[in-house]
Amino acid sequence: MSISRQGKATARRQEPSRLGDKVLVGAGIMLAAASAFFPWYVFLNEDKFGLRIDPFENTRDLPPAPPREVFSVSPLAMIDRTKDQSLPIDPLDQLTTATVSSLGREEQGAPLEQQPMPGTGKFRLLHVANGRALIEDGSGMYMVRIGSILPDNSKVATLEQRDGRWVIITSSGEIYRDQASATP
Numbered sequence: 000m001s002i003s004r005q006g007k008a009t010a011r012r013q014e015p016s017r018l019g020d021k022v023l024v025g026a027g028i029m030l031a032a033a034s035a036f037f038p039w040y041v042f043l044n045e046d047k048f049g050l051r052i053d054p055f056e057n058t059r060d061l062p063p064a065p066p067r068e069v070f071s072v073s074p075l076a077m078i079d080r081t082k083d084q085s086l087p088i089d090p091l092d093q094l095t096t097a098t099v100s101s102l103g104r105e106e107q108g109a110p111l112e113q114q115p116m117p118g119t120g121k122f123r124l125l126h127v128a129n130g131r132a133l134i135e136d137g138s139g140m141y142m143v144r145i146g147s148i149l150p151d152n153s154k155v156a157t158l159e160q161r162d163g164r165w166v167i168i169t170s171s172g173e174i175y176r177d178q179a180s181a182t183p
């Protein structure tokens, strides 16, 4: 009898428990189902997941108004708000004009060579749309329109289409052609 009891005991010990395997299989199936369902949940409820795309219409073009003029205020145009009235007014002109007197100046040596004017930067026209042009020079890309100052210190006079290509005509008379064919 003791042999039969030992046989039953060893038979029970040899049977592996299937509960852990069933838990792992169930967890795997649930994970697979959640992985398959989650993209659809995000797609159908995109307002909950913060996928907000700004419309390009608000950021595409420049505002229709021309840019503000840039100006500097002279120190002489500022209001004097000092309370002390006993300060004498200086008779000297406080505004620097960069004018130097040539009295007593002597010519020495040959005259200097004539140098080209700085700021004659070359640029190229990339694209024209909505009355504005995209230009590129060595320092970057710029959006310009009629009246804008160009890298060569001239202004945009007109934007025209000639022979199927867009051109910029500057205030100095230069003509810059588009690199690609025009699209109406």
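In case it helps, numbering that gives the first Met the number 0 puts the sequence shown at residues 0 to 183.
Positions of the beta carbon are idealized from the N, C-alpha and C atoms, including for glycine.
Assignment of Glu45 by DSSP, reduced to helix, strand and coil, places it in the helix class. Inter-residue distance for Ala32 and Ser16 is about 26 Å (C-alpha atoms, whole angstroms). Ile28 carries a helical assignment under DSSP once its states are collapsed to helix, strand and coil. In this structure, Leu124 lies near Asp177, with their beta-carbon atoms less than 8 Å apart.
In the structure shown, Gly130 adopts coil according to DSSP, grouped into three states. About 6 Å separates the beta carbons of Ala132 and Ile167, which is inside the 8 Å limit, making them a contact pair.
Excluding the 5 residues flanking it on each side, Val41 has same chain C-beta neighbours closer than 7 Å at Phe48, in chain order.
Under DSSP, the beta-bridge partners assigned to Lys154 are Ile148. For Arg176, the uninterrupted beta strand (DSSP E) segment begins and ends at 174-176.
In terms of Cβ geometry, Phe122 and Glu135 form a close pair [threshold 8 Å].
Thr169: member of the beta strand (DSSP E) spanning 164-169, first to last residue. Around the Cβ of Val22, a 10 Å sphere holds fewer than 16 other Cβ atoms; the residue is exposed.
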